[in-house]
Each structure stands twice: as C-alpha cells, then as structure tokens.
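A.B. asks: Below: one structure in structure tokens.
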Amino acid sequence: NAGVTQTPKFQVLKTGQSMTLQCAQDMNHEYMSWYRQDPGMGLRLIHYSVGAGITDQGEVPNGYNVSRSTTEDFPLRLLSAAPSQTSVYFCASSYSPGPQNIQYFGAGTRLSVL
Amino acid sequence: GDSVTQMEGPVTLSEEAFLTINCTYTATGYPSLFWYVQYPGEGLQLLLKATKADDKGSNKGFEATYRKETTSFHLEKGSVQVSDSAVYFCALLMEYGNKLVFGAGTILRVKS
Numbered sequence: 045n046a047g048v049t050q051t052p053k054f055q056v057l058k059t060g061q062s063m064t065l066q067c068a069q070d071m072n073h074e075y076m077s078w079y080r081q082d083p084g085m086g087l088r089l090i091h092y093s094v095g096a097g098i099t100d101q102g103e104v105p106n107g108y109n110v111s112r113s114t115t116e117d118f119p120l121r122l123l124s125a126a127p128s129q130t131s132v133y134f135c136a137s138s139y140s141p142g143p144q145n146i147q148y149f150g151a152g153t154r155l156s157v158l
Numbered sequence: 130g131d132s133v134t135q136m137e138g139p140v141t142l143s144e145e146a147f148l149t150i151n152c153t154y155t156a157t158g159y160p161s162l163f164w165y166v167q168y169p170g171e172g173l174q175l176l177l178k179a180t181k182a183d184d185k186g187s188n189k190g191f192e193a194t195y196r197k198e199t200t201s202f203h204l205e206k207g208s209v210q211v212s213d214s215a216v217y218f219c220a221l222l223m224e225y226g227n228k229l230v231f232g233a234g235t236i237l238r239v240k241s
C-alpha cells in the first residue's frame, strides 16, 4: 500500500531552471493538492484539483503550474525557479474534499534554489 | 480571512510530563478542526479531529476539545514519551470548503 508517493526527495536547482515535482497516489482519490512548508508559516496551499482535468489556485500559486490528466498523478511544475521557492513541498490526497475525508500526505520534496 | 494561531515552540518536556499545545482559530462560520503530526523526515499524519462544537477528538493518548466559545482546540496528553517528539500542526477546514488552513506548527521535544 504505497499511499502518496513524491519524487524526488531532494533537489537543488539554479535560478531560472525548470523542474517538475511528481506526485502519485494509488487510493483512487479524486482530491489532490500541493502545499509548501516554510519555517514559522505552516503549510500553505499552492494548487489543488477536485478530479482529472480540473485544477484551481490556492493561496500561493504564483510561479507554479499544475495539470491533472489522470486520477493518480498531480505534477507540480516550476517554470523558472527562484530562490523564494526554496521550501519543502508536500502533496496530499483524499477521497473528496470535506472534513469527513482524511487527507493523506506524501513524505515531501525538499527543494533548494541557488 | 480564516486563520489558525498556535503557541510558539519549541516545547521541551521530560518524559511522562503533561503536554498542552494551544491552538486558537478565526473563522466565519463553523469549521472542522484538526491536529496533524509530522515526525522527523516524514509527511503529515492526521492525529485527531473534531467536526462540531464540544466534540472531543482523541488518538494515541492525545485529546483536544472543540471550544466554540473560546474558539480554541488545545492539544493535551497526560504523559508524553520520547517517541512523541515531532512537529504538531493545528488546522481548520470550513464547512463547505476544500482547503485546509494550517497554523505555523509547534515543535515538541521530549527528553528521557
């Protein structure tokens, strides 16, 4: 039972480089989301998706793109990395939005932008 | 907007001590409240939740009661263990919302 799998676990980028953070879940969850975690700020929502083909912006979407072509995968793209995007990124999924459904989190991707 | 405020850490306790981590919230409406725990090197795990006023969530010896009158959801444990060392996040989810709002997190360190 893999749950939510994020790759890579660590990444170092130079300013201006692009990359994709991968997130996959095997629980047939409709709702998936991306958060970033910064010291003293908790987790902030970047983008989310309520199903394949549907995405929407969260609290801090600038500099990030997402797409949801399948139920299982929800990649996060950084088109031109900036030092302000140095953070720990978490992907989460749940059967559907709402308090009755537990959100499951991946182990995170630690990104440094130099 | 909706927000969650947690006590600042780190909180350092000796094994078997009593734990309280304070959490208060601001929300328009009737949120559900959650405590998540993050062990070193891992993602967040749901620890407990409460979906309406006066509900008590409990799990692994931890408890929290949803207090609408004080807009609080304080986390308590009667006797902490070294294995409880982690970061604890309080969060809310609005009644018809789909976005968790997190507090800043509180680091707990338990010494043997």
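These protein sequence lines map, in sequence, to chains A and B.
Take the position in the first sequence, starting the count at 1, then add 44; the result is the number in the working numbering.
Take the position in the second sequence, starting the count at 1, then add 129; the result is the number in the working numbering.
Cβ coordinates follow ideal geometry from the N, Cα and C atoms, glycine included.
It should be emphasised that the depicted structure is a prediction, and the values quoted were computed from it without experimental measurement.
For Ser143/B, which three-state DSSP category applies?
C.D. replies: Translated into positions along the second sequence, residue 143/B becomes position 14. Strand.
A.B. asks: To the nearest angstrom, how far is the alpha carbon of Pro160/B from that of Thr180/B?
C.D. replies: Within the second sequence, residue 160/B is the residue found at index 31, counting from 1. Within the second sequence, residue 180/B is the residue found at index 51, counting from 1. Near 7 Å, if we compare the C-alpha coordinates of Thr180/B and Pro160/B.
A.B. asks: Inspect the CB distances between the segment 201–209 of chain B and the segment 73–92 of chain A and report whether three or more fall short of 8 Å.
C.D. replies: Not touching, per the Cβ criterion.
A.B. asks: Could you name the residues of the same chain whose beta carbon sits closer than 7 Å to that of Ser143/B, not counting the 5 residues immediately before and after it, in chain order?
C.D. replies: Within the second sequence, the letter at position 14 stands for residue 143/B. So the qualifying residues of the chain are Lys240.
A.B. asks: Considering only DSSP beta bridges, list what Tyr165/B is partnered with.
C.D. replies: In the second sequence, the residue the question calls residue 165/B occupies position 36. Tyr165/B is bridged to Leu175/B, Phe218/B.
A.B. asks: Considering only their Cβ atoms, is the gap separating Val56/A from Ser131/A smaller than 8 Å?
C.D. replies: In the first sequence, the residue the question calls residue 131/A occupies position 87. In the first sequence, the residue the question calls residue 56/A occupies position 12. No. Outside cutoff.
A.B. asks: Mind checking who Asn188/B pairs with in its DSSP beta bridge?
C.D. replies: Start at 1 with the first residue of the second sequence, and residue 188/B comes out as number 59. According to DSSP, Asn188/B bridges with Phe191/B.
A.B. asks: Whether or not the segment 174–188 of chain B and the segment 91–111 of chain A are in contact is what I'm after, with contact meaning three or more pairs of Cβ atoms, one per stretch, closer than 8 Å; do they touch?
C.D. replies: With the cut-off at 8 Å, the segment 91–111 of chain A and the segment 174–188 of chain B do not touch.
A.B. asks: What's the call for Ile150/B, buried or exposed, on a 16-neighbour Cβ count within 10 Å?
C.D. replies: If you number the second sequence from 1, residue 150/B lands on position 21. By the neighbour-count rule (16 or more Cβ atoms within 10 Å), Ile150/B is buried.
A.B. asks: What are the boundary residues of the beta strand (DSSP E) that includes Ala68/A?
C.D. replies: Taking the first sequence and counting its residues from 1, one reaches residue 68/A at position 24. 63–69 is the span of the beta strand (DSSP E), which, as asked, contains Ala68/A.
A.B. asks: Does the ligand NAD have even one heavy atom less than 7 Å from the beta-carbon of Asp131/B?
C.D. replies: Ligands in the displayed structure: none, and consequently the ligand NAD is not present.
A.B. asks: Quick one: using the 10 Å Cβ neighbour count with 16 as the cut-off for buried, is Lys197/B buried or exposed?
C.D. replies: Reading the second sequence from its first residue, position 68 is the one you call residue 197/B. Exposed.
A.B. asks: Kindly list, in the order they appear in chain B, the residues whose Cβ is closer than 9 Å to that of Val104/A.
C.D. replies: Here residue 104/A corresponds to residue number 60 of the first sequence, with the count starting at 1. Per Cβ cutoff of 9 Å: no residues; Val104/A is ~12 Å from chain B at best.
A.B. asks: Classify Ser212/B as helix, strand or coil using the three-state DSSP reduction.
C.D. replies: Translated into the one-based positions of the second sequence, residue 212/B becomes position 83. Helix.
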